[in-house]
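**Student:** Here the sequence shown stands for residues 54 to 209, where the numbers follow the working numbering.
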Amino acid sequence: MPASDRAVAALARLAEEIPGGERREPQEQMAAAVAEAIGSGRHLLAQAGTGTGKSFAYLVPAIVAGKRTLVATATKALQDQLAGKDLPFLAEHLDRPFEFAVLKGRSNYVCRQRIAEISGGAQLSLDGLADRASPSELSTLKLWAASSPTGDRAEL
């Protein structure tokens, strides 16, 4: 079975498993094009309107193909949707196991060196942090930074 047919078949199965789910022809066309591009090693530029199901249209063919894939999103909201909803759903419902991870820009992560510097108090008066954070808040931040596996500030 061609890769494009496998991707479309997987989307059809998913539509049956989603409450109120329905097959969408534009989504299936995009998924077939993505699968063909993956299979032939070509680049693909695709544009589709709201409600097309773009996320599944590019994720499902990549997962079905078993290819390592990088997805860059324009917004943190879409990144959170993919990591918190779409990818876990696909992991549960597709017959192909896969792993995923989230990587954000460095401003989204706590700087442990900066935490160590401000813990000493020397820098607090220079940058006004002493006026914005109490010692107990700084202590809580330091404990969190030491125990967080990711350091993602969104966890705070």
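Glycine included, every Cβ here is placed at the ideal spot set by N, Cα and C. None of these values were measured; they are calculated from a predicted model.
Check whether the region 125 to 141 touches the region 104 to 115, counting contact only when three or more Cβ pairs, one atom from each stretch, lie closer than 8 Å.
**Tutor:** yes
**Student:** Does the distance from the CB of A99 to the CB of S57 come in under 8 Å?
**Tutor:** Taking the first residue of the sequence shown as 1, we reach residue 99 at position 46. Taking the first residue of the sequence shown as 1, we reach residue 57 at position 4. No; because the gap between Cβ atoms is not below 8 Å, this pair is not in contact.
**Student:** In angstroms with no decimal places, state the Cα-to-Cα distance between R185 and P202.
**Tutor:** Residue mapping note: residue 185 aligns to position 132 of the sequence shown, counting from 1. Residue mapping note: residue 202 aligns to position 149 of the sequence shown, counting from 1. If you take the alpha carbons of R185 and P202, they lie about 26 Å apart.
**Student:** Should A169 go down as buried or exposed, given a rule of 16 or more other Cβ atoms within 10 Å for buried?
**Tutor:** Numbered from its first residue, the sequence shown carries residue 169 at position 116. When all chains shown are included, A169 counts as exposed.
**Student:** Which one of Q80, L140, G92, L67 has the shortest CA to CA distance from E152?
**Tutor:** For the purposes of this step, residue 152 is identified with residue 99 of the sequence shown, where counting begins at 1. Of the listed residues, the one whose Cα sits closest to E152 is L140.
**Student:** Using the Cβ count rule (16 or more neighbours within 10 Å means buried), how would you classify I71?
**Tutor:** As a first step, residue 71 must be located in the sequence shown, where it is residue number 18. By the neighbour-count rule (16 or more Cβ atoms within 10 Å), I71 is not buried but exposed.
**Student:** For the candidate residues V117, L209, A84, whose alpha-carbon lies nearest to that of A150?
**Tutor:** Locating residue 150 in the sequence shown gives position 97, counting from the first residue. The sequence given here places Pro at residue 150; Ala does not occur at that position. The candidate whose alpha carbon is nearest that of P150 is V117.
**Student:** Would you call the CB atoms of A85 and V61 closer than 8 Å?
**Tutor:** Along the sequence shown, read from residue 1 onward, the residue named residue 85 stands at position 32. Along the sequence shown, read from residue 1 onward, the residue named residue 61 stands at position 8. It is a contact, given that the beta carbons lie within the stated cut-off.
**Student:** Ordered along the chain, which non-local residues of its own chain (more than five positions away) have a Cβ less than 7 Å from that of A63?
**Tutor:** The count along the sequence shown starts at 1 and reaches residue 63 at position 10. Non-local C-beta neighbours of A63 in its own chain, meaning closer than 7 Å and more than five positions away in sequence, comprise V113, V117, L147, ordered along the chain.
**Student:** Tell me where the alpha helix (DSSP H) around D205 begins and ends.
**Tutor:** Numbered from 1 along the sequence shown, position 152 holds the residue referred to as residue 205. Careful: D205 lies outside any alpha helix (DSSP H) and carries neither H nor E.
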